[in-house]
Amino acid sequence: MSQSIPPIPPEDVRSATEAEDAKLASAQRSYSQGQLVRRRFFAHKPAVVSMAALIFIILLSITSIGFSGQGTGWWSKSFLATGLTVDGGVPTMFRDGFLGEHPFGQDSIGRDYFAMVMRGTQQSLLVALGVALSSTVLGVLVGALAGYFRGWIEAVLMRITDVVIVVPLLALAAVFGAYAQGLPGGTLTLALFIGLATWTGTARLVRAEILSLREKEYVSAAIAMGAHPARIILKHMLPNSIGVIVVNATFAIAAAILLETTLSYLGFGVQAPETSLGALIQNNQNAFTTRPWLFWFPGLFIIAIALSVNFIGDGLRDAIDPRQKRTGSARPGWRTAFGLLGQATAEERSGKQVTELSGGPTQMQPPAGMTDHGPDLGYDPTDEKRDS
Numbered sequence: 011m012s013q014s015i016p017p018i019p020p021e022d023v024r025s026a027t028e029a030e031d032a033k034l035a036s037a038q039r040s041y042s043q044g045q046l047v048r049r050r051f052f053a054h055k056p057a058v059v060s061m062a063a064l065i066f067i068i069l070l071s072i073t074s075i076g077f078s079g080q081g082t083g084w085w086s087k088s089f090l091a092t093g094l095t096v097d098g099g100v101p102t103m104f105r106d107g108f109l110g111e112h113p114f115g116q117d118s119i120g121r122d123y124f125a126m127v128m129r130g131t132q133q134s135l136l137v138a139l140g141v142a143l144s145s146t147v148l149g150v151l152v153g154a155l156a157g158y159f160r161g162w163i164e165a166v167l168m169r170i171t172d173v174v175i176v177v178p179l180l181a182l183a184a185v186f187g188a189y190a191q192g193l194p195g196g197t198l199t200l201a202l203f204i205g206l207a208t209w210t211g212t213a214r215l216v217r218a219e220i221l222s223l224r225e226k227e228y229v230s231a232a233i234a235m236g237a238h239p240a241r242i243i244l245k246h247m248l249p250n251s252i253g254v255i256v257v258n259a260t261f262a263i264a265a266a267i268l269l270e271t272t273l274s275y276l277g278f279g280v281q282a283p284e285t286s287l288g289a290l291i292q293n294n295q296n297a298f299t300t301r302p303w304l305f306w307f308p309g310l311f312i313i314a315i316a317l318s319v320n321f322i323g324d325g326l327r328d329a330i331d332p333r334q335k336r337t338g339s340a341r342p343g344w345r346t347a348f349g350l351l352g353q354a355t356a357e358e359r360s361g362k363q364v365t366e367l368s369g370g371p372t373q374m375q376p377p378a379g380m381t382d383h384g385p386d387l388g389y390d391p392t393d394e395k396r397d398s
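The opening residue of the sequence shown carries number 11 in the working numbering; numbering runs sequentially from there.
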């Protein structure tokens, strides 16, 4: 008879978790909260690499053509200057060495595409930052008021939030984008108006955080002492919610990059003579089969920026709340998983061999005083049939 024993979790997984807990506790005693967050973030390699890549893209777009985009940087060509199209506008970096005259090629009217992509990167980043800032400020304001005051104020603000959520985001952003085109301010006005359509997620997140903080003892003490609600929210609640707000704002930047690209492709984003990465794709959509490089470079920059910001957000989230990272690291790796699978397979083989040698499946015998259906009461229904 063979009785299978359930596998025991590997000791190395438990010891690694305990060692990480001890290391984290020791670090918390030695460093301040800001130092701990900074150390955890720089220990997140994908986030550090993404931050370096994003800084490189920002510096490249600014120093190459300057803030005005008129060739005031180390790249002398303006994104608006037209000229003769050389060799069909093929990128010279593929034939003339490292850069050449037009490293990203030329568009149909001879404009330097490297300068246009750099200008588009500037405008897309500006829109993304403006959208993230405006949506975060509005979302924090609505969420903090709803979470602190509750009652009819919370009901009204949350019903407004629900109404905005019901409307499709792309349609609402397109309406605000079209309305912003006739107003002064250009890109910043567009960013602020798009932010009016993207604040709902931040509001719900901040409301939940404020509701949990409202039950803390220090908040109850401040309320009992008669502190003004604005002072309680600004001094006690929002500083303790800053981690959640910063992480959410980081992810909002990545979402705003993609939203701006979509709006510009549909014609509701940045308008001429300015340009953006989405507008570059929209303006050259008819040349996809004949001059595909007009899609390659804006698309690559969109992907690079969105991925970099997302990885930075992951790093900030793990740095501010390391319990999420520890929970993921405590899971057995692929070597442990295959080891447990092999152990279970070996037990199944041994049980099968015992079954074959005994001529059939081995059944466990019930303990003394027990039957297959329960305790032995000394009564058998067949006895009555035999007596009758």
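Every residue, glycine too, gets a C-beta built ideally from N, C-alpha and C. Fair warning: this is a prediction, and the values are worked out from it, not measured in the lab.
Would you kindly work out how many angstroms separate the C-alpha atoms of residue 211 and residue 94, rounded to a whole number? 49 Å
Can you tell me whether residue 208 is buried or exposed? The criterion is at least 16 other CB atoms within 10 Å of its CB, across all chains shown. buried
Below 9 Å between beta carbons: does that hold for residue 84 and residue 73? yes
Just to confirm the assignment: which complete alpha helix (DSSP H) runs, minimum length 4, are found wholly within the region 177-204? 179-190
Option in 175, 163, 199 with minimal Cα separation from residue 186: 199
List the residues that DSSP assigns as beta-bridge partners of residue 116. 122
Measuring only the C-alpha atoms, how far is residue 150 from residue 243? 11 Å
Pairs of beta-carbons, one from the region 306-318 and one from the region 126-134, closer than 8 Å: are there three or more? yes
Identity of the residue in 278, 267, 325, 141 nearest residue 254 by Cα: 325
Use the C-beta contact count for residue 227: other C-beta atoms within 10 angstroms, 16 or more gives buried, fewer gives exposed. exposed
Following the continuous alpha helix (DSSP H) through residue 95, name the residue where it begins and the one where it ends. Looking at the DSSP string, residue 95 is not in any alpha helix (DSSP H), and its letter there is neither H nor E.
Tell me whether residue 52 is buried or exposed, calling it buried when 16 or more other Cβ atoms sit within 10 Å of its Cβ. exposed
Whole-angstrom distance between residue 168 and residue 161, CA atom to CA atom: 11 Å
Distance, Cα to Cα, residue 139 vs residue 266? 8 Å
Can you give the Cα-Cα distance for residue 221 and residue 278, rounded to whole angstroms? 38 Å
Neighbourhood of residue 219 by C-beta distance below 6 Å, restricted to the same chain and skipping five residues each side: 251, 254
Secondary structure, alpha helix (DSSP H): runs of 4+ residues fully inside the region 204-254: 210-223, 227-234
Suppose you measure from the CA of residue 317 to the CA of residue 323; what does that come to, to the nearest Å? 10 Å
Are the Cβ atoms of residue 213 and residue 269 separated by less than 9 Å? no
Could you give the first and the last residue of the continuous alpha helix (DSSP H) run that contains residue 55? 55-75
CB residue 60 to CB residue 75, shorter than 9 Å? no
So, at 6 Å on beta carbons, what are the nonlocal neighbours of residue 297 in its own chain, with the 5 sequence-adjacent residues on each side left out? 304
Buried or exposed, going by whether 16 or more other CB atoms sit within 10 Å of the CB of residue 343? In this predicted model, residue 343 has a pLDDT of only 41, less than 50, meaning its place in the structure is not dependable; the value taken from the coordinates is given anyway. Result: exposed.
Consult DSSP for residue 258 and reduce its assignment to one of helix, strand or coil. helix
For residue 45, I'd like the list of residues in its chain whose CB is within less than 8 Å of its CB, leaving aside the five on either flank, ordered along the chain. none
Measure the Cβ-Cβ separation of residue 272 and residue 180 and say whether it is below 9 Å. yes
Nearest residue (CA-CA) to residue 159, options 239, 91, 105: 239
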